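Here is the structure we will look at, set down as structure tokens.
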Amino acid sequence: MGAVLGVCSLASWIPCLCSGASCLLCRCCPNSKNSTVTRLIYAFLLLLSTVVACIMLAPGMEMQLKKVPGFCDKVVHCEELVGYRAVYRVSFAMAVFFFLFSLIMIQVKSSKDPRASVHNGFWFFKIAAIVGIMVGAFYIPEGPFTTALFAIGTCGAFCFILIQLVLLVDFAHSWNESWVERMEEGNSKCWYAALLACTGLFYTLSFIAVVLFYVFYTKPDACTENKFFISFNMLVCIAVSITSVLPKVQEHQPRSGLLQSSIITLYTMYLTWSAMSNEPERICNPSLLNIISQIAAPTSIPANVTAIVPVVPTPGPQKLQWWDAQSVVGLTVFVLCLLYSSIRSSNNSQVNKLTLSTSDSVILDDTTGTGSDVEDGEIRRVPDNEKDGVQYSYAFFHFMLFLASLYIMMTLTNWYSPDAEFKTLTSKWPAVWVKISSSWVCLLLYLWTLVAPLVLPNRDFN
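For reference, each letter of the sequence shown is one residue, going -20 to -1, 1 to 442 in mature numbering (1 follows the signal peptide of the UniProt record, and there is no 0).
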């Protein structure tokens, strides 16, 4: 009897798995709109693949991955490199999936388009396709595949860093606007103090980061590049912060302020740290353990204690620890931006402009229309709010997830560059320059958002 009920319960989910309605989350979510639920499901799939990629780097997984037929053929340091190869395969599968959907969904105007039903439904088949591509990717031989994927991943990750900037700026604007409105409604001193405290906190963290960079990532007679990166980015951040509060800028951009600049400054410091963490010279790129040991070490050695001579590491591949601090921070920022891009929507939102959205869309709708009322025990479907027009560009949304997949791949592998046969992994200067140049582009883009109304007064930037 229980088996029969189980089959019947499973059968009730078949319409959700195969139809054109996004109802996978209907049982566990309040009434929500089709466009938002679909984005959340795709974001969940990408986050799930990220967890799988992280598991590939976990201690002990290399012994299981070595059992994959042909996965360690002609690899000298298989135990050290097999995790990286697995991350490349998992991220490649997600990138291929989202890139294909980006091509398929070009010029979808409304949910009446047959392709819209593929975008919003058929989840069982899409998940099966992801698993199939992922399994097949593990049998792709090394060589040109890895080299090409590293180059594509570097470019894609660079583009996604810029998208993260847009999302962070939009979040800062929304945050600032919300608290300013509450200041005007009442209890202005409390909200002004909260706004000032958050701004001060972000600038304080940025200042602390700069001090730590000079202490641990520079040497008196070495690390010239790091000194330039830190000093230049610090000066540009100060210039951008001053620009954001200039009277002329405030006149044309009343939403601009120090809160947004403080967030951009902190994000720039993260990108600077991330770039310096990829330098080939270990003397200018200490690991987190080395930094902690330097802080905890005594300043002087007693005379009766023999100094310990550091052991020079033997040549070999650089092994990334799964808890690497730079990767953890990068993944945290990625998760927050991905979730924000999935649920954030308003007429003035940069997220809507980024995804070519045409109208409002909120994550949860407390109102219940007559068409959404269902009897107990029935599947609750989400209302279709895209019959007259899509709420966002399907093609660009999938392309953004395609770039996010490449960003995950580069972050988890710490942007290490593999050789043609994936025999070694090394930090190289191209990865450093890609990251540091992305910080400069981010600052230029933010500066342009501040001065654009002054430079082009005849254009509407609302």
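Here a beta-carbon is modelled for each residue, glycine too, at the ideal position from N, C-alpha and C. All values reported here derive from a predicted model rather than from experimental measurement.
Thinking just about the alpha-carbon of each residue, which of the options is nearest to the one in residue i?
i: residue 384; options: 105, 74, 101, 40; result: 74
i: residue 151; options: 434, 319, 431, 386; result: 319
i: residue 163; options: 432, 315, 171; result: 171
i: residue 25; options: 382, 373, 423, 408; result: 382
i: residue 256; options: 219, 246, 198, 224; result: 198
i: residue 181; options: 238, 224, 145, 234; result: 238
i: residue 23; options: 177, 427, 323, 95; result: 323
i: residue 192; options: 207, 153, 148; result: 207
i: residue 373; options: 88, 106, 62; result: 88
i: residue 443; options: 308, 63, 419; result: Outside the modelled stretch of the chain, which goes from -20 to 442, sits residue 443, for which no answer is possible.
i: residue 394; options: 430, 259, 438, 76; result: 259
i: residue 106; options: 16, 80, 438; result: 80
i: residue 424; options: 216, 305, 396; result: 216
i: residue 19; options: 416, 110, 103, 94; result: 103
i: residue 209; options: 439, 420, 428; result: 420
i: residue 16; options: 415, 371, 432; result: 371
i: residue 247; options: 219, 28, 309, 30; result: 309
i: residue 229; options: 121, 396, 428; result: 428
i: residue 21; options: 157, 101, 108, 212; result: 101
May I ask you to report which of helix, strand or coil DSSP gives residue i?
i: residue 38; result: coil
i: residue 91; result: coil
i: residue 199; result: strand
i: residue 397; result: strand
i: residue 408; result: coil
i: residue 238; result: helix
i: residue 112; result: helix
i: residue 438; result: coil
i: residue 63; result: helix
i: residue 158; result: helix
i: residue 120; result: coil
i: residue 249; result: helix
i: residue 83; result: helix
i: residue 215; result: helix
i: residue 370; result: coil
i: residue 257; result: coil
i: residue 70; result: helix
i: residue 77; result: helix
i: residue 144; result: helix
i: residue 167; result: coil
i: residue 414; result: helix
i: residue 233; result: coil
i: residue 102; result: coil
i: residue 206; result: helix
i: residue 48; result: coil
i: residue 185; result: helix
i: residue 266; result: coil
i: residue 427; result: helix
Beta-carbon within less than 7 Å of residue i's beta-carbon, same chain only, minus the 5 sequence neighbours each way: which residues are those?
i: residue 133; result: 386, 389, 390
i: residue 78; result: 378, 381, 382, 385
i: residue 33; result: 67, 70, 71, 388, 392
i: residue 139; result: 383
i: residue 412; result: 255, 258, 259
i: residue 414; result: 134, 138
i: residue 194; result: 210
i: residue 408; result: 260, 397
i: residue 153; result: 235, 240
Please list, in chain order, all residues of the same chain as residue i whose beta carbon is under 6 Å from its beta carbon, the five residues on each side excluded.
i: residue 214; result: 190
i: residue 136; result: 383, 386
i: residue 375; result: 82, 85, 86
i: residue 96; result: 88
i: residue 183; result: 242
i: residue 437; result: none
i: residue 439; result: none
Measure how close the beta-carbons of residue i and residue j come, nearest whole angstrom, since I'm counting them as under 8 Å.
i: residue 186; j: residue 249; result: 5 Å
i: residue 221; j: residue 252; result: Between residue 252 and residue 221 the Cβ distance is about 16 Å, and since that is not below 8 Å, they are no contact.
i: residue 69; j: residue 114; result: 7 Å
i: residue 175; j: residue 426; result: In fact, because the Cβ distance is near 19 Å, the residues do not count as touching under 8 Å.
i: residue 321; j: residue 141; result: With a Cβ gap of about 14 Å, residue 321 and residue 141 do not count as contacting.
i: residue 317; j: residue 434; result: That pair is no contact at about 29 Å.
i: residue 149; j: residue 240; result: 6 Å
i: residue 307; j: residue 430; result: Not a contact, Cβ separation roughly 32 Å.
i: residue 179; j: residue 242; result: 5 Å
i: residue 48; j: residue 118; result: 6 Å
Grab me the residues of residue i's own chain with a C-beta within less than 8 Å of its C-beta, minus the 5 sequence neighbours each way, in chain order.
i: residue 264; result: 197, 198, 199, 202, 203, 205, 206, 256
i: residue 94; result: none
i: residue 110; result: 25, 29, 73, 74, 77
i: residue 410; result: 134, 397
i: residue 188; result: none
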